[in-house]
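Worksheet for the structure shown next.
Numbering (my numbering), first residue to last: 3 to 59.
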């Protein structure tokens with residue numbers, strides 16, 4: 003199932019905000035910060051794949 007770019011952008015912004023909240027008062031190696039960062043990375047990867055796919059059309 004492919005997501006639209008707008009849906010992915012919204013999800014990226016939400017996960018970015020969650021990462022900022024998770025980082026507050028913690029180190030970058032804190033498990034909660036790492037989990038938030040990994041969740042954001044996964045969506046960023048999907049976004050990049052969709053961009054690449056659309057550019058080849």
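Where a beta carbon is used, it is the ideal one built from N, C-alpha and C, also for glycine.
Cα-Cα separation between residue i and residue j, rounded to whole angstroms
i: residue 41; j: residue 57; result: 25 angstroms
i: residue 3; j: residue 48; result: In this predicted model, residue 3 has a pLDDT of only 38, less than 50, meaning its place in the structure is not dependable; the value taken from the coordinates is given anyway. Cα to Cα, residue 3 sits roughly 11 angstroms from residue 48.
i: residue 10; j: residue 37; result: 18 angstroms
i: residue 55; j: residue 43; result: 18 angstroms
i: residue 22; j: residue 52; result: 25 angstroms
i: residue 50; j: residue 27; result: 30 angstroms
i: residue 17; j: residue 24; result: 10 angstroms
Cβ distance (whole Å) where residue i is taken to contact residue j below 8 angstroms
i: residue 35; j: residue 13; result: With 8 angstroms as the limit, residue 35 and residue 13 do not qualify as a contact, their Cβ atoms being about 19 angstroms apart.
Reference residue i, options the options, closest by Cα
i: residue 20; options: 39, 7, 6, 33; result: 39
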